[in-house]
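Undergrad: In full-length UniProt numbering, the protein residues as written are 1 to 336.
A virtual CB, placed ideally from N, CA and C, is assigned to each residue, including glycine.
A single structure is presented below for examination.
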């Protein structure tokens with residue numbers, strides 16, 4: 001058989017066109033049957049027709065979940081991450097699945113690894129294409145601007161380079177959830193500009209091992225600064241999902257937030273932050289908190305019950321031997 005011979009669809013038996021077909025490990029799907037697959041699923045070249053049938057059964061069963069989904073909060077630009085705290089579900093408000101009313105619903109316990117990718121441009125700007133980077137070209141608008149001035153201007157415009165992006169990431173306290181893609185220094189030896197921010201969300205469902213959210217997630221026209229802020233907000237929400245929190249109980253306490261009386265941190269579903277001060281009458285253990293540097297318990301509560309410091313032993317008046325009880329263990333003298 002030649003390279004351009006027609007293929008038969010393993011599902012419907014119709015012709016699988018060369019430019020529209022989906023290749024499987026043991027066959028092909030035609031363009032129409034290919035559209036039955038979830039548009040957020042992946043890895044089909046390594047899957048079989050048996051996997052396709054299983055996947056389609058899951059998609060059919062998902063329709064009921066999708067109809068029952070109650071959006072309690074939506075995260076990111078356009079609310080692209082939707083969370084149902086009542087059921088413990090989440091889904092993505094993007095793509096064909098959502099438009100057709102059958103966005104794949106994931107349980108909180110199906111959340112896998114997640115992180116944000118910051119992509120950098122390897123090439124310096126050269127507005128007149130003369131081979132001289134704008135920073136070193138007397139004919140460019142950027143000439144003679146020092147790095148701090150340029151960085152400040154970029155941040156005001158919402159455009160970031162590696163320096164300003166790193167400042168944002170460090171200030172967020174979530175550095176472990178951000179990854180750099182590409183060199184942070186461009187070909188002119190200057191801080192590379194940010195070209196995109198991608199949110200990557202993994203699940204334990206084998207047909208959806210990884211969902212990558214780029215411009216469709218952050219929306220058109222968003223600045224780099226806004227995209228990083230959306231990524232930060234999304235990461236915080238996913239951290240709450242991973243902890244099994246839901247609704248109002250799923251808050252992460254921020255610096256300066258004080259829990260209400262009679263209610264512990266664990267009861268409120270919060271994580272204590274540096275500088276947070278518990279209220280009176282509540283112990284650290286009662287609040288479910290881990291003490292942070294600089295946290296000082298108030299009166300009436302302690303970090304944990306402390307064992308009493310043993311008293312120094314007395315000396316026997318007869319033989320000067322150390323005595324801890326009512327009688328001297330050396331000579332038997334009774335202490336008054």
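1. At the level of alpha carbons, what is the spacing between residue 14 and residue 45?
2. Pull the bridge partners of residue 211 from the DSSP assignment, please.
3. Taking its Cβ as the centre, do 16 or more other Cβ atoms sit within 10 Å of residue 278, making it buried, or is it exposed?
4. Looking only at DSSP bridge pairs, what is residue 84 linked to?
5. Give, in chain order, every unbroken run of the beta strand (DSSP E) that is at least 3 residues long and sits entirely within the UniProt domain "DUF4428" (8-55).
6. Can you check which of these residues, 165, 209, 185, 205, is closest to residue 197 by C-alpha distance?
7. Bridge partners of residue 180, per DSSP?
8. Write down the C-beta distance between residue 59 and residue 109 rounded to the nearest angstrom, noting that I regard them as a contact closer than 8 Å.
9. Of the residues 70, 63, 26, 30, which one's Cα is nearest the Cα of residue 18?
10. Give the straight-line distance between the Cα atoms of residue 210 and residue 125, rounded to the nearest whole angstrom.
11. Please report the straight-line C-alpha distance between residue 190 and residue 184, rounded to a whole angstrom.
12. Can you round the beta-carbon distance between residue 194 and residue 115 to whole angstroms, since I take them to be within the 8 Å contact cut?
13. Are residue 122 and residue 162 close, meaning C-beta to C-beta below 8 Å?
14. Excluding sequence positions up to five away, which residues of its chain have a Cβ less than 7 Å from the Cβ of residue 107?
15. Check residue 196 in the structure and name its three-state DSSP category.
16. Near residue 214, what residues of its chain come up, given a Cβ to Cβ distance below 7 Å and the 5 sequence neighbours on each side ignored?
17. How long is the line joining the alpha carbons of residue 75 and residue 233, rounded to whole angstroms?
18. I'd like the list of long-range same chain contacts for residue 171, defined as Cβ closer than 8 Å, with 5 residues on each side in sequence excluded.
19. My understanding is that residue 117 touches residue 181, with C-beta atoms under 8 Å, so please give their C-beta distance in whole angstroms.
20. Can you tell me where the beta strand (DSSP E) holding residue 94 begins and where it ends?
21. Put residue 74 into one of helix, strand or coil per three-state DSSP.
22. Reducing DSSP to helix, strand and coil, say where residue 79 ends up.
23. In terms of residue numbering, what span does the alpha helix (DSSP H) encompassing residue 230 cover?
24. DSSP state of residue 186, grouped into three classes?
25. Rounded to the nearest angstrom, what separates residue 37 and residue 104 at their Cα positions?
26. Can you list, in chain order, the residues of its chain with a C-beta nearer than 7 Å to that of residue 187? Leave out the 5 residues immediately preceding and following it.
27. What residue range does the alpha helix (DSSP H) around residue 164 cover?
28. Confirm, please, whether the CB-CB distance from residue 94 to residue 237 is below 8 Å.
TA: For this structure:
1. Distance between the alpha carbons of residue 14 and residue 45: 19 Å.
2. Looking at the DSSP output, residue 211 bridges to 201.
3. Its pLDDT being 38, under 50, residue 278 is placed unreliably by the model, and the measurement read from it follows with that caveat. Buried, since its Cβ has 16 or more Cβ neighbours within 10 Å.
4. According to DSSP, residue 84 bridges with 89.
5. Here the runs fully enclosed are 22-24, 27-29.
6. Nearest of 165, 209, 185, 205 to residue 197, Cα basis: 165.
7. Looking at the DSSP assignment, residue 180 forms a beta bridge with 118.
8. With a Cβ gap of about 20 Å, residue 59 and residue 109 do not count as contacting.
9. Measuring C-alpha to C-alpha distances from residue 18 to each of 70, 63, 26, 30 identifies 30 as the nearest.
10. Inter-residue distance for residue 210 and residue 125 is about 33 Å (C-alpha atoms, whole angstroms).
11. Cα to Cα, residue 190 sits roughly 8 Å from residue 184.
12. Rounded, the Cβ-Cβ distance is 16 Å, inconsistent with contact.
13. No, Cβ-Cβ distance for residue 122 and residue 162 is not below 8 Å.
14. The residues are 88, 89.
15. Strand at residue 196.
16. Answer for residue 214: 196, 198, listed in chain order.
17. The straight-line gap from Cα to Cα measures roughly 7 Å.
18. So no residue of the chain qualifies.
19. Confirmed, about 5 Å.
20. Premise fails: residue 94 is in no beta strand (DSSP E) and is neither H nor E.
21. DSSP places residue 74 in strand when its eight states are reduced to three.
22. If DSSP states are grouped into helix, strand and coil, residue 79 belongs with the helices.
23. Run containing residue 230: 224-242, per the alpha helix (DSSP H) assignment.
24. In the structure shown, residue 186 sits in coil (DSSP, three-state: anything other than H, G, I, E or B).
25. Residue 37 and residue 104: Cα-Cα distance of roughly 11 Å.
26. Its chain contains 122, 123, 124 as the residues whose beta carbon lies nearer than 7 Å to that of residue 187, once the 5 sequence neighbours on both sides are disregarded; these appear in chain order.
27. Start and end: 162-172.
28. No; because the gap between Cβ atoms is not below 8 Å, this pair is not in contact.
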